[in-house]
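In order, the protein sequences belong to chains A and B.
Okay, so the first sequence: first residue is 5 according to the working numbering, each after it adds one.
Okay, so the second sequence: first residue is -11 according to the working numbering, each after it adds one.
Report on one structure; see the data block that follows.
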Amino acid sequence: MEDMDDERMAERIDFSTLDPSNNQLRWARTIDGVVAQALAERRKRLSIEAQLLRWARPVLAVAAGLCLVAWTASLVTTSRSAQTTSQQPAWQTLATWAANNQIPEPGDLVGTLRGN
Amino acid sequence: MLTHDETADLVRRAQRGQADAFTGLVRGFLRPAYAIALTVVGRAADAEDLAQEAFLKAFQSLDTCREPEHFAAWLFQIVRNRARNFLDSRRLRDVAPQGARILEFITPASESAGMREALLAALAALDVDQREVVLLHDLENWTHAEIGEALGISEVYSRQHLFQARQLLRARLDGDGEPTKLAAVDQGPQRSSASRMKGSEGKHGRHG
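Here it is, written out as structure tokens:
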């Protein structure tokens, strides 16, 4: 079928006046311009990505350190507040024992009076 | 035109950033991209700019080209989208009076301005598919198989479009159609030629 097309070359419409590559020098410059611009944009994009990659590790390390510090601090705060809430004044403990007719172990008594 | 394998190889190498592959792709497809843009915007200078912009856009998102062997079809879609956006913005910007859109197919004066105008005016009478086929075939020397694949149509359709397009163009260029008269007139009477061509505007508008 393509042979038939070849036979019909004479039937072709002559679009040469619309052909931008008629001016070969200008067309070659256009091609070079597109390639140069594409490569420049690619380099720019890669350089941004490279910068991001370069800074990614230290930033991640700092973030991880901060997370660790925050986590440790929250653990300490939690255990302290738990301790605070579990401790009652000595008089309250003694009163509870008395109200319940409970005889405390000597160790508990000493500990309570010491404020542990 | 580049073969499938050559195209795919160039695309893959361009994805890896090889400069000669970029050059190969531009050499192989900038002119077809221009032809596709021309079918939408109808001005050679605008079509050239759009083809270049579309190429830059294509290179920016080259990693998303999943079928490198079908680079042409992928590129043409980018060209069409940009050309249509360009037309829309130009219409908004120009706030052109009714009928002025047809002047899209009139190019600036040059040595061969008369013939160019006649061709562009005759092309305006075709629908977009016919324009794409006839330009890719008669300007770019693509085969029907290549055209069919790049435009997503069958070879049979490509042949039909080419046949109809040539008939219509010849009728207009040989003087059966009114737009041929454009060749004989200078830049001055564009308005009257534009009004004569109103019949073809509908077709362009629907497809563009």
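We treat Cβ as the ideally placed atom computed from N, Cα and C, and that holds for glycine.
Identify whether Ala113 (chain B) lies in helix, strand or coil by the three-state DSSP scheme.
-> Ala113 (chain B) sits in coil when the DSSP states are folded into three classes, being neither helix nor strand.
If you draw a straight line from the C-alpha of Gly87 (chain B) to the C-alpha of Leu56 (chain A), how long is it?
-> Since pLDDT at Gly87 (chain B) reaches only 44, below the 50 mark, its modelled position is unreliable, and the value read off the structure follows with that caveat. In a straight line, the C-alpha of Gly87 (chain B) is about 52 Å away from that of Leu56 (chain A).
Apply the 10 Å Cβ neighbour rule to Trp62 (chain B) and answer buried if 16 or more other Cβ atoms are within range, or exposed otherwise.
-> Taking all protein chains shown into account, Trp62 (chain B) has 16 or more neighbouring C-beta atoms within 10 Å of its C-beta and is therefore buried.
Please say whether Thr21 (chain A) and Arg104 (chain B) have beta carbons closer to each other than 8 Å?
-> Result yes, Cβ atoms of Arg104 (chain B) and Thr21 (chain A) sit closer than 8 Å.
C-alpha distance - Ser188 (chain B) paired with Ala7 (chain B), whole-angstrom precision | Since pLDDT at Ser188 (chain B) reaches only 35, below the 50 mark, its modelled position is unreliable, and the value read off the structure follows with that caveat. Cα to Cα, Ser188 (chain B) sits roughly 43 Å from Ala7 (chain B).
What separation, rounded to the nearest whole angstrom, lies between the Cα atoms of Arg16 (chain A) and Arg154 (chain B)?
-> Roughly 8 Å separates the two Cα atoms.
Note the first and the last residue of the continuous alpha helix (DSSP H) segment covering Gly115 (chain A).
-> 110 to 118 is the extent of the alpha helix (DSSP H) around Gly115 (chain A).
Which residues mark the beginning and the end of the alpha helix (DSSP H) in which Gln96 (chain A) is found?
-> It spans 94 to 103 - the alpha helix (DSSP H) in which Gln96 (chain A) sits, taken as one unbroken run.
Going by alpha carbons, who is nearest to Ala94 (chain A) out of A:Val66, A:Asp112, A:Leu117?
-> Measuring from the Cα of Ala94 (chain A), the nearest candidate turns out to be A:Leu117.
Identify the contact partners of Glu36 (chain B) in chain A, using a Cβ-Cβ distance below 8 Å as the criterion.
-> Chain A residues near Glu36 (chain B): Pro24, Thr34.
Chain B contacts from the segment 52 to 79 of chain A (Cβ-Cβ distance under 9 Å) = Per Cβ criterion, the list is empty.
What residue does the alpha helix (DSSP H) around Phe19 (chain A) start on, and which one ends it?
-> Premise fails: Phe19 (chain A) is in no alpha helix (DSSP H) and is neither H nor E.
Report the neighbours of Phe64 (chain B) on chain A: residues whose CB is nearer than 9 Å to its CB, in chain order.
-> The premise fails here: Phe64 (chain B) is roughly 16 Å from chain A at the closest Cβ pair, so nothing lies under 9 Å.
Proximity below 8 Å, CB of Ala23 (chain B) to CB of Leu123 (chain B) = In contact: Ala23 (chain B) and Leu123 (chain B) (Cβ atoms closer than 8 Å).
Alpha carbon to alpha carbon, what distance is there between Thr76 (chain A) and Gly119 (chain A)?
-> Straight-line Cα distance between these residues: approximately 27 Å.
How about Glu45 (chain A) and Leu18 (chain B): are their beta carbons less than 8 Å apart?
-> It is not a contact, given that the beta carbons lie outside the stated cut-off.
Spatial neighbours of Arg152 (chain B) in its chain, beta-carbon cut-off 7 Å, leaving aside the 5 residues before and after = Checking the sequence shown, residue 152 (chain B) turns out to be Gln, not Arg. Closer than 7 Å at the Cβ level, and outside the excluded window around Gln152 (chain B), lie Gln118.
CB contact check: Phe74 (chain B) to chain A, cutoff 8 Å = Proximity of Phe74 (chain B) to chain A, defined by a Cβ-Cβ separation below 8 Å, is not satisfied.
Determine the DSSP secondary structure at Ile35 (chain A), reduced to helix, strand or coil.
-> The DSSP-derived three-state label of Ile35 (chain A) is helix.
Separation of Ala103 (chain A) from Gly115 (chain A), as counted between CA atoms = Computed Cα separation, rounded: 19 Å.
Exposed or buried, which one is Leu139 (chain B) when buried takes at least 16 other CB atoms within 10 Å?
-> It counts as buried.
So which residues on chain A does Met103 (chain B) lean against when the C-beta distance must stay under 8 Å?
-> Under the 8 Å cutoff, chain A gives Thr21.
Cβ pair count under 8 Å reaching 3, the segment -4 to 16 of chain B against the segment 53 to 62 of chain B = In this structure the segment -4 to 16 of chain B lies against the segment 53 to 62 of chain B, because at least three pairs of beta carbons, one per stretch, are closer than 8 Å.
In the structure shown, what three-state DSSP assignment does Leu(-10) (chain B) receive?
-> Looking at Leu(-10) (chain B) - three-state DSSP - the assignment turns out to be coil, as it is neither helix nor strand.
Under 8 Å between C-beta atoms, does Gln41 (chain A) make it to chain B?
-> Output row for Gln41 (chain A): interface = yes.
Tyr22 (chain B) CB to nearest chain A CB: under 8 Å?
-> Chain A, which has a Cβ nearer than 8 Å to the Cβ of Tyr22 (chain B), makes this yes.
Distance between beta carbons of Ser142 (chain B) and Val121 (chain B), contact taken as under 8 Å = About 12 Å separates the two Cβ atoms, so there is no contact after all.
Using 10 angstroms around the beta-carbon of Trp130 (chain B), count the other beta-carbons present and answer buried if the total reaches 16, otherwise exposed.
-> Under this definition Trp130 (chain B) is a buried residue.
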